[in-house]
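Position 115, counted from 1, in the sequence shown is what numbering that gives the first Met the number 0 calls 114; the numbers after and before it change by one each time, with no gaps.
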Amino acid sequence: MDQFTYEERGATDRPFPEPFDGGWPSGYTVMVESHEIPADDPSAAFVALTEGILAWGLHRRAGLTMEPDAVRADPGVRVVSGFGIGPARIKAPCRVIWSRVPQLDGAGRAVPGQRGGFGYGTLPGHPVKGEEGFYAELTADNRLFFVCSAYSVPATPFFRLASPVTRLTQRYVLSRYVKAARELAVGA
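In structure tokens form, the structure reads like this:
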């Protein structure tokens with residue numbers, strides 16, 4: 000089994016209502032993005048978004064190739080995502096550290112005040128060292144958010160030199176994740 004490339008694991012595991020400000024390992028670049036997704040039925044949209052995140056749909060809709068060991072993101076599952084075209088495709092191996100499914104009430108509706116999704120950590124061959132979390136959040140007042148968090152450092156001197164390009168790529172992929180999250184939540 001591949002070993003993680005960093006020691007400070009688990010900081011993306013933030014169940015509701017744990018905040019995203021603070022509590023990150025020192026020495027890493029931290030990124031947290033939260034986007035509200037308007038929905039006529041926030042409960043149903045939360046379940047759809049969470050299930051889409053857990054079944055790799057968020058990543059695929061964002062344009063990444065996904066080669067997972069399992070159909071769902073469960074702890075221990077290894078996945079290799081790919082970004083780019085042809086020989087310029089960058090492969091990024093990771094292992095899922097935590098995952099959270101929607102909690103439903105007796106009527107099958109999502110209970111307000113929860114997060115669903117997963118977090119994974121980097122394995123050898125990934126261009127950065129660190130962790131990323133993908134969350135659907137249903138607030139206590141029934142508002143739906145997509146949240147992405149990450150903490151990372153370049154994995155090699157080459158990627159350290161390329162870090163401005165890496166950061167731009169991360170911002171671009173994040174914008175694609177937000178678009179994909181909206182599509183998953185509203186069934187587009």
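In this text, a Cβ means the ideal position worked out from N, Cα and C, and glycines have one as well.
Every value quoted in this text rests on a predicted model; they were computed, and no experiment measured them.
Does the Cβ of residue i have 16 or more other Cβ atoms within 10 Å, making it buried, or fewer, making it exposed?
i, result
"A69", "exposed"
"P163", "exposed"
"T155", "exposed"
"Y171", "exposed"
"P41", "buried"
"E130", "buried"
In the DSSP assignment, the beta strand (DSSP E) including residue i goes from what residue to what residue?
i, result
"H34", "28-35"
"F15", "No beta strand (DSSP E) contains F15, which DSSP labels as neither H nor E."
"F144", "143-153"
"G129", "127-137"
Ordered along the chain, which non-local residues of its own chain (more than five positions away) have a Cβ less than 7 Å from that of residue i?
i, result
"A199", "Past the edges of the chain, shown from 0 to 187, lies residue 199, and the structure says nothing about it."
"F133", "I52, L57, G116, F117, C147"
What are the start and end residues of the alpha helix (DSSP H) that includes residue i?
i, result
"P41", "41-53"
"F157", "156-160"
Please return the same chain residues whose Cβ sits closer than 6 Å to the Cβ of residue i, not counting the five positions on each side in sequence.
i, result
"R175", "A61, G62"
"E136", "R114, F144, V146"
Note down, in chain order, each residue of its chain lying with its Cβ closer than 8 Å to the Cβ of residue i, except the 5 sequence neighbours on either side.
i, result
"L275", "Here the chain covers residues 0 to 187 and nothing more, so residue 275 does not appear."
"R88", "T64, G81, F82"
Is there contact between the stretch 76-84 and the stretch 150-162, where contact requires at least three CB pairs shorter than 8 Å?
no
Output the residue ranges of the alpha helix (DSSP H) runs that lie fully inside the stretch 64-125 and measure 4 residues or longer, sorted by chain position.
The qualifying runs do not exist here; there are none.
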